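Following: one structure in structure tokens, then a few remarks.
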Amino acid sequence: MQINIEERKEKALRLFKEGYNCSQSVFCAYADLFDVEPELAKRLTSSLGGGMGRLREVCGAMSGSFLLLGLRYPASDPTDKASKTENYASVQRVAEVFKLRFGSIVCRELLDVKRQQESPVPSDRNVAYYAKRPCARFVVEAAEIVGQEMLSSN
479 MQINIEERKE KALRLFKEGY NCSQSVFCAY ADLFDVEPEL AKRLTSSLGG GMGRLREVCG
539 AMSGSFLLLG LRYPASDPTD KASKTENYAS VQRVAEVFKL RFGSIVCREL LDVKRQQESP
599 VPSDRNVAYY AKRPCARFVV EAAEIVGQEM LSSN
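Right under this line is the structure:
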């Protein structure tokens with residue numbers, strides 16, 4: 479597998495700045511490597527932004543990364559323990575690197591927001607949003623981390 483991680487990071491950031499959520503941005507930056515159609519990629523990841531539908535649970539950039547790892551290290555046979563182990567190990571490695579950089583993989587902790595019900599209405603993407611939210615950085619870093627993980631098994 480050949481991956482230009484810098485190009486993938488740039489693509490993820492560009493997608494995020496176009497208004498795609500954090501999960502869509504990371505997943506769609508690599509989806510072509512697995513022959514996933516762009517529209518399907520966007521649909522599959524659309525509910526994972528904002529820590530899963532703005533519930534502020536697992537960071538969407540991480541969720542998008544984990545979906546990519548499912549494509550890279552598939553574990554589709556429920557009796558194949560070795561494949562499940564390889565898949566889970568890759569998820570844990572990626573999560574650990576992200577945690578080392580940012581302290582958590584949980585959206586509300588990354589954004590330092592209180593545990594309260596949030597509106598399902600997405601935030602407007604404007605200058606104030608990008609100045610306040612570190613999400614673009616999380617998207618870029620997640621795209622780098624998952625790219626490195628996918629390359630490490632070659």
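Going by this note's numbering, the first residue of the sequence shown is number 479, and it counts up by one from there.
Just so you know, even glycine gets a beta-carbon here, dropped at the ideal spot from N, CA and C.
Quantities reported herein were computed from a predicted structural model and do not represent experimental measurements.
- For residue 531, there is no enclosing alpha helix (DSSP H), as DSSP marks it with neither H nor E.
- Checking the DSSP bridge columns, you'll see residue 584 partnered with 536.
- Taking a C-beta distance under 7 Å as the contact criterion, residue 518 and residue 541 do not qualify as a contact pair.
- Around the CB of residue 496, fewer than 16 other CB atoms lie within 10 Å, so the residue is classed as exposed.
- Taking residue 561 as the centre and dropping the five residues before and after it, the same chain places the C-beta of 553 closer than 6 Å to its C-beta, in chain order.
- With respect to the 7 Å criterion, residue 520 and residue 502 are classified as neighbours on the basis of their beta carbons.
- Going by DSSP, residue 491 is part of the alpha helix (DSSP H) stretching over 483-496.
- By the beta-carbon neighbour count (other beta carbons within 10 angstroms, threshold 16), residue 591 is exposed.
- Counting only the Cα atoms, residue 565 lies some 12 Å from residue 555.
- Taking 7 Å as the cut-off, the Cβ atoms of residue 539 and residue 504 count as close.
- In the structure shown, the three-state DSSP call for residue 480 is coil.
- Distances from the CA of residue 528 to each of 630, 602, 624 and 631 were compared; the closest alpha carbon is that of 602.
- Cβ atoms of residue 547 and residue 627 come within 8 Å of each other, at about 7 Å.
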